[in-house]
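Oh and the sequence shown: position 118 is 118 in full-length UniProt numbering, straight run, nothing missing.
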Amino acid sequence: MMANSFYPVILTEDVKASSAFYIAHFGFEPVFEADWYVSLKNSAGPAPFELAILSASHETVPEAFRKAAQGVILNFEVASADDAYERLIGEAKLPLRQPIRDEAFGQRHFITSDPNGVLLDVIQIIPPSEAYGEQYREQVWADGEPR
1 MMANSFYPVI LTEDVKASSA FYIAHFGFEP VFEADWYVSL KNSAGPAPFE LAILSASHET
61 VPEAFRKAAQ GVILNFEVAS ADDAYERLIG EAKLPLRQPI RDEAFGQRHF ITSDPNGVLL
121 DVIQIIPPSE AYGEQYREQV WADGEPR
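1. Tell me which residues share the same chain as Tyr37 and place their Cβ nearer than 6 Å to its Cβ, disregarding the 5 neighbours each side in the sequence.
2. Would you identify the three-state DSSP class for Leu54, choosing helix, strand or coil?
3. Could you name each continuous alpha helix (DSSP H) segment of 4 residues or more that falls completely within the UniProt domain "VOC" (2-125), going from the start of the chain to the end?
4. Taking the Cβ atom as the reference point for each residue, do Phe65 and Phe26 lie within a distance shorter than 8 Å?
5. How long is the line joining the alpha carbons of Gly90 and Ala24, rounded to whole angstroms?
6. Three-state secondary structure (DSSP) at Thr134?
7. Which same chain residues end up closer than 8 Å to Ser113 when comparing Cβ atoms and leaving out the 5 residues on each side of it in sequence?
8. Determine contact between the stretch 6-20 and the stretch 104-112, defined as no fewer than three beta-carbon pairs at a distance below 8 Å.
9. Could you tell me which of Ser39, His58 and Tyr85 sits nearest to Phe49, measuring between CA atoms?
10. Leaving out the 5 sequence neighbours to the left and right, which residues in its chain are closer than 6 Å to His58 when beta-carbon positions are compared?
11. Residues in its own chain within less than 6 Å of Pro128 by CB, not counting five upstream and five downstream?
12. If we ignore side chains and look at the alpha-carbon of each, how far apart do Arg101 and Ala79 end up?
13. Just to confirm, is the Cβ distance from Val122 to Ala84 under 8 Å?
14. For Val72, which residues in the same chain have their Cβ closer than 8 Å to its Cβ, ignoring the five residues on either side in sequence?
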């Protein structure tokens, strides 16, 4: 299948609060707004990406699935996890779900959450340990630095 686009849609009980959260803390801008659905876009990085917020009770959602999102983690790759940590946890006082730390598999990261309880993993790519480096199928480091 050839897809023209791909983006997550978060089902929520409060579309307005959820979209405001992503606009305020993650640099998204609305590209479509209705009381039941907001389409957001972030064009600040090297490639734009999108996220949508949808009322869990909207008729377009199959009735058996009309509940807020759970069991989802959204990853946000950033240039500096420490800077993002200071801004989001230190200044904005978002909830800290996992403290900042380095992982042998090649990440420095911390986890916070949105108003719906969706986990947000804020990640800086770092060189992995030698053992994990061998497991990557494509090279993501050039001279020990993220590409």
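For every residue, glycine included, the Cβ atom is placed at its ideal position computed from N, Cα and C.
Computed from a prediction, not measured in an experiment: that's the story for all the values here.
According to the structure shown:
1. In the sequence shown, the residue the question calls residue 37 occupies position 37. Closer than 6 Å at Cβ, skipping near neighbours: Leu54.
2. Position 54 of the sequence shown, counting from 1, holds the residue named residue 54. Strand.
3. 15-26 and 81-85
4. Walking along the sequence shown from the start, residue 65 turns up at place 65. Walking along the sequence shown from the start, residue 26 turns up at place 26. Their beta carbons are not under 8 Å apart, which means Phe65 does not touch Phe26 by this criterion.
5. Along the sequence shown, one-based indexing puts residue 90 at 90. Along the sequence shown, one-based indexing puts residue 24 at 24. Going from the Cα of Gly90 to the Cα of Ala24 covers about 15 Å.
6. Reading the sequence shown from its first residue, position 134 is the one you call residue 134. Before going on, a small fix: residue 134 reads as Glu here, not Thr. In the structure shown, Glu134 sits in coil (DSSP, three-state: anything other than H, G, I, E or B).
7. Here residue 113 refers to the residue found at position 113 of the sequence shown. Cβ within range, chain order: Leu94, Pro95, Arg97, Leu119 and Leu120.
8. no
9. One-based indexing of the sequence shown puts residue 49 at position 49. Answer by Cα proximity: Ser39.
10. As a first step, residue 58 is located in the sequence shown; it is residue number 58 there, counting from the start. Within the same chain, His58 has close Cβ partners Trp36.
11. For the purposes of this step, residue 128 is taken as residue 128 along the sequence shown, with counting starting at 1. Taken in chain order, the residues that qualify are Phe105 and Gly106.
12. Along the sequence shown, one-based indexing puts residue 101 at 101. Along the sequence shown, one-based indexing puts residue 79 at 79. C-alpha separation (whole angstroms): 15 Å.
13. Residue numbering aside, residue 122 sits at position 122 when the sequence shown is read from its first letter. Residue numbering aside, residue 84 sits at position 84 when the sequence shown is read from its first letter. Their beta carbons are under 8 Å apart, which means Val122 touches Ala84 by this criterion.
14. Along the sequence shown, read from residue 1 onward, the residue named residue 72 stands at position 72. Within the same chain, Val72 has close Cβ partners Pro8, Ile10, Val118 and Leu119.
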